[in-house]
Amino acid sequence: MRTTPLARLVSTFALFAVFASVAARAMAQNVQGSAPASPRVAPSNPFMTKQGSNARPTPIQHAQSAARQLNPKLKTPFDRQLAPTLAQMLKPVSTTGATGKALSMKANAAGAASVIGNTPNFPTFVAAPFLVPNSSDTSTLYVTVTGDFNNDGKPDVAAIQNDGSISIILNPGSLQNLANITPLPPDTSATSIQPFLTTAYAADMNGDGNLDLVGMDYGNNNILVWMGKGDGTFAKVVIYPVAPANGAGFFYGGFILVGDFNNDGKPDVVALTSNLDYNTFHSTFTLQTFLNDGKGNLTVLPSKQENNVTFNDYYTVSPAQAAVLSNDGSTTSGIVFLLADMGVANKANTGETLICLSSKADGTFSTPVEPAGPTITDSPLALSFGSLYATNLSVPVTAPKPGQPAPSISAGAPVTDIVFMTGDGTVYDSTYQPNTGSFTLPAPKILVGANQNNPPSGGTTPSFPIPNEALLNLADMNNDGVLDLLVYTAGSTLIFPGTGNHTYGAPTQVVGGLGGDQQPQPANFDGSGFNSFVWSDSYLNELGYYQNMGAFSASSAGQFYAAPPVSGASFNGGANYSALGSNIQVEAVGDFNKDGLQDVIAFDLSNLAANSGYPDLVVGLNNGNPNSSNQVNNFTFATVVPAATLVNINFEFVEPFTVKNTLGTSLLLGTGGGMDIVTASPSGSFGTPTPLNLGTSISCSLGYGDTGDVNGDGIPDIVIAYAGDSTCGGSTTPSGFFTFLGKADGTFNTATFTPLGGSLYMVKLINFSGASGNLDLAADDMDNGNFLTGASAFYAIYAVPNNADGSGTFNTTNLTENAVGYIVSDIIPGDFNNDGQQDLTLTTEGQYVPGSFTTALNSMGVLLLPSQGQVVQYGQTYLIFGTPSLVDTGFYALWGSYADFNGDGYPDLALATVNSAAGLGNPFSQPPPVPLVQILPNQNGSFGPVLTEMDSAESFEDPYSMYTFTGNFGNTGGNDLLVTGLFNTAEFLNQGANALALSATPGSPAQGAPVTLTATLSGPVTGYTATGSVSFSANGTVLGAAPLSGNTAAFTTIALIAGTNKLTASYSGDEFHNASTANATVNVGAPSAPMFSLTASTSSMTLQQGATGSAVLNLVTNGTFTGVVSFTCSGAPTASACTISPASLTLGANQAGNVSVILATTPQNNQYQAGNRSWMERTGGLSLAGLLLFLVPRRRHWRGKLAIVALALVSLGSIAMLNGCSGNGGNSGNSNPDKYPGTPTGTSTLTVTATSGSITQTQTIALTVTQ
């Protein structure tokens, strides 16, 4: 529940303000003397900017980005050529449209979310569904809370933006369809006061059974209370100023907590505020308690009961680093918070200490005591990060009540552990033991991670800091009763499973956004009994839902339906450790061990600090996805080139492609003034980097290149762009490209250089002509001209035909200029209109307006140029293209790839996109560029609605790595997608790739016999049931269709011909499953002799004496039968009757019919209910009725009287026979009538015989008669 990027930023800005004040004061003293300044409250924050209707701190530059800046040599061609253009030349126009573009992005993201799953037959990828809860409000979504706000027993989510706007997402029973859930209208009752919300709690403040919200208004020093109505809405906000007599506030650090602080059973609120004396740099802290009257009204204790204390340095406290203590698991015993010493007065004391204050049970607490020194040593920038929990790691947690969030401590358990983060890469646990007064806790132990300021060294199993850690939650995510750790980082969540005894296993990792100041507590959102979690992304103002896959497969508990970052076990440098996804950035892919799975070449940033800012270059061998939920990647990493070697070769970047030849698979490493090649053998082991021979000297670095066969000899060659010496101050070699022709032994000839353009940025080999073995050249010229004035700038894409003479050269004289003026970051090969010719697809920032430092309006997006092949004019061959069209207008794709993701035969387009290029490389850009993973579905040659996937925040803000790769990464059966970003590489596995299997039963039928065709659909476990139908055909003729039921569809036919039948099943697909087909063959024999089968609905029947039972017989004829079938029954016991209804059936070929077998038994009685009775028994029964005829009236016709007399005589005779047959064993001397024993008890066998001419079939039924 508790988190804190905002507090991290705020505290850091406050520290910067202090440092700025120190510098200003020192300067003033040097100029004006040493006149002291009086103490004052916090001034306006110079690091705050306006966004929407409220202030928001600008994001600080991330430590990982800063680490890269330690080595400016680590630059791609994008960094060197394109980024300066975007940052300098395009800033004015991008800034003008930045706010509007951010708004359109969020509207687009919301729309895209609603589109995902609704585009026919385009299920996209395994990724968390997401929702923008309030697209009309651009203030930041910092705070999110879990709770049952409408009392329906299901946990809901409250999304609270920092301007006080509250959006409630009511849970319909599961959040798996989050993208299509409509939040309640936002509560804006607090926005008029322009608050800045940093923390919120859900609690029933007035005892009415409805959850209320209590929030901390950092901007105005208020406590805000929204009283819940029980339907997801709230009464107008109530404001309680936090105004201690000394003027302290939240700006320099503080928090609020909700708890029963006077033991009256009602939730109160305590607020800690602080102030800073700019002369002494001493901090003053004030603790105030607001007591609850039971109706939700808060009253602050009198000022004389305020706790005021001054410490002798600048200290701060984060809103999310405080918790309520309970020594017995039921009553409040105090509070605990993490006190951070900023080290302004004494640098040696920089670090953190846990402070505990005992409760006096009247709303007051012990006065804090300044610690003698920190228990954790940290740098100032790490001090403002983290979260804190008061918990008990030794007691198993229990499931919460319906609607409640997952507990972070078992009900009734006393607090024994304080689990917290500081942002230094570690999750700590400090042992808590009850004490009195103000006391500090002992130095904590590390649960996971490592302190980045004091990293461990040596050992074969090193621990590394968790990169970019920000927020923390505790919950049992795999239903083993042990609390797990959810560590939210920039771009990823790591779920460390608790293994007991305060230890944790390797984490499950999922891609996400950038956390705000408070993440919602996990909960059983779908009623499955497994806890899932919601990620609140403050960067995109969206919520993502991470479904626990234990709901669909118990073996998958603790795994989540989301895109994972590329990660796995690492043996880099001979060590053995878990390579976190936040430390892995993929630069190229290839199948290095020939197993059919794409492996990765990546930077491992785990040792970045120790390697002077250089990463290790590693290979990640893909082990496939062993998990049935199909969202867990599994790579094993080993060293390709260690950081020390990269330093020695003056390494700059990896070309984002691989070269396959007889030696194996090779990588190209861009160096200062050259290009090295390193090759993996077929076993996957790499050699030593070796320089390629350029044949000439160059002053600058090479650009992006490509590989392919350019001379038609079947051996891959390499072509690499060069911007020219003039781009870095040289003058010898102009702009152009190098061509390295490959040799049969896997090595390469000395390059030939071809001058071209003013400043080539990229070349791609594309077969525009359609001639086999003659790849043409597409070259991206990015000539910025005079950088200061914009004069002479020229941008174009050259299409250069291959000379097609076996020389591997290109006819630059006959080039054509295309997309003139467009600033292009990537050329994407692909035939987007499926006409058999390779087209030009260009990702563009827009069309440059010469001399203006701007681009034309509505020119940013993806430019499509359909190829029209070759044209010959005056004996010269040119490559020409049709009229260009712009798609995805208003978004800037840095990189892209084509692949058929939904199996319809058309290439779809995957893009790594931002909504604006203005802020690339500028983390203080407002609003910042918003990253998106976009998919443009190709529908019959034109692109449909853009789909957007939940991806890592800020993934593409740093353009050093912004690549997309497609292929088989997860054995899904379809094309998967990898997207490299700043904080990780997201692996999007194809969720719609299905395998359809077709079988026929019987396998070798005779002609005319019924054959059942069964189609079975298999694929990734998505939690979405496949719908739609399967069409069946034989030999090209449609037989019929059947709906899917439980992933299978069955269809029975008699239409198969004698001989071999080619069968096809075609699944139509739905919104979450691709269309797919399956084929099978069945050999049908000659027609068989007429025959029918006879089966019974039951093989046994048990009846009590006197009861009647029945069974159904089913008769099925084959393809040659026609006629009447008669039925008889035999084997029934005495005193029972077996009948068949109807007694016969008339059936034709391949028909079926049913008859009923009815068995009636006789009870112990004086009358027969049923039986195989003799004529005398039947007559005796009839004679009783005959006796009654004497009672009829006498006025009858004489003939009637004769009849009566005759019947009477018969009846009298029958009575005599009855008397003779009745009695006990026929003993007429017994005075009592004998009782008939009924149908004998025991077991017998009924035999039903079906006969038609010479064909006879029988079916037996075991009959048991009981008393």
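This note's numbering numbers the first residue of the sequence shown as 257 and each following residue consecutively.
Cβ coordinates follow ideal geometry from the N, Cα and C atoms, glycine included.
Is it right to say residue 339 is buried, meaning 16 or more other beta carbons lie within 10 angstroms of its own, or is it exposed?
-> Buried, because 16 or more other Cβ atoms sit within 10 Å of the Cβ of residue 339.
field: Secondary structure of residue 303, DSSP reduced to three states
entry: Only weak support is given to the placement of residue 303: the predicted model assigns it a pLDDT of 21, under 50, and the question is left unresolved by the model.
Count the other CB atoms, across all protein chains shown, that sit within 10 Å of the CB of residue 1073; report buried if there are 16 or more and exposed otherwise.
By the neighbour-count rule (16 or more Cβ atoms within 10 Å), residue 1073 is not buried but exposed.
Can you list, in chain order, the residues of its chain whose CB lies under 6 Å from that of residue 514, leaving out five sequence neighbours each side?
457, 459, 470, 523, 525
Can you tell me whether residue 337 is helix, strand or coil according to DSSP? helix
Using 8 Å for Cβ pairs, my map puts residue 832 next to residue 855. What's the rounded Cβ distance? Their Cβ separation, rounded to whole angstroms, is 19 Å, which puts residue 832 and residue 855 out of contact at 8 Å.
**OP:** From the DSSP output, read off the bridge partner residues of residue 793.
**Re:** 771, 798
Give me the residue from 870, 919, 1017 with the minimum Cα distance to residue 898. Closest by alpha carbon: 870.
Residue ranges of each beta strand (DSSP E) run of no fewer than 3 residues wholly in the region 1338-1389, ordered along the chain?
1348-1352, 1356-1360, 1364-1373, 1379-1386
Separation of residue 752 from residue 677, as counted between CA atoms: 14 Å
For residue 1274, the three-state DSSP class (helix, strand or coil)
Residue 1274 falls in the strand class under three-state DSSP.
message: Please state the DSSP three-state secondary structure of residue 544.
response: strand
query = Secondary structure at residue 805, three-state DSSP: helix, strand or coil?
reply = helix
Would you kindly work out how many angstroms separate the C-alpha atoms of residue 698 and residue 684, rounded to a whole number?
-> 12 Å
Original post:
Counting Cβ pairs, one atom from each stretch, are 3 or more of them under 8 Å apart for the region 814-831 and the region 441-454?
Top reply: Cβ pair count under 8 Å is below three, so no.
Within the continuous alpha helix (DSSP H) that includes residue 903, where are the two ends?
899-904
query: For residue 630, does the count of other Cβ atoms within 10 angstroms reach 16, so buried, or fall short, so exposed?
result: buried
Rounded C-alpha distance that separates residue 502 from residue 573
18 Å
What does the alpha-carbon distance come out to for the pair residue 968 and residue 1031?
9 Å
Next item on the list: Kindly indicate which three-state DSSP category residue 504 falls into: helix, strand or coil?
Entry: Secondary structure at residue 504: coil, using DSSP grouped into helix, strand and coil.
(Q) In whole angstroms, give me the CA-to-CA distance for residue 1151 and residue 1038. (A) 16 Å
| task | Determine the DSSP secondary structure at residue 849, reduced to helix, strand or coil. | result | coil
DSSP-derived helix/strand/coil call for residue 1521:
strand
query = Does the distance from the C-beta atom of residue 609 to that of residue 599 stay below 8 Å?
reply = no
Residue 768: which of 746, 775, 758 sits nearest, CA to CA? 746
Note to self: Could you compute how far the alpha carbon of residue 836 sits from the alpha carbon of residue 1240?
What the structure shows: For residue 836 and residue 1240, the gap between their C-alpha atoms comes out near 9 Å.
Under DSSP, the beta strand (DSSP E) around residue 1073 begins and ends at which residues?
1072-1074
- request: Please name the residue or residues paired with residue 567 in a DSSP beta bridge.
  value: 539
- Task: Return the residue from the list 536, 537, 644 that minimises the CA-CA distance to residue 578.
- Result: Checking every option, the nearest Cα to that of residue 578 belongs to 644.
* Check residue 983 in the structure and name its three-state DSSP category. => helix
### residue 1098 (DSSP reduced to helix, strand or coil)
Here residue 1098 carries a strand assignment [DSSP, helix/strand/coil].
Subject >> Alpha-carbon to alpha-carbon, residue 591 and residue 1083 >> reply: 59 Å
ask   = How about residue 545 and residue 619: are their beta carbons less than 8 Å apart?
value = yes
Which term fits residue 231, buried or exposed, when burial requires 16 or more other beta carbons within 10 angstroms of its beta carbon?
This structure does not reach residue 231, given that the chain is present from 257 up to 1523, and the question cannot be answered.
Quick one: using the 10 Å Cβ neighbour count with 16 as the cut-off for buried, is residue 1300 buried or exposed? Result: buried.
query = Do residue 656 and residue 681 have their CB atoms nearer than 8 Å?
reply = no
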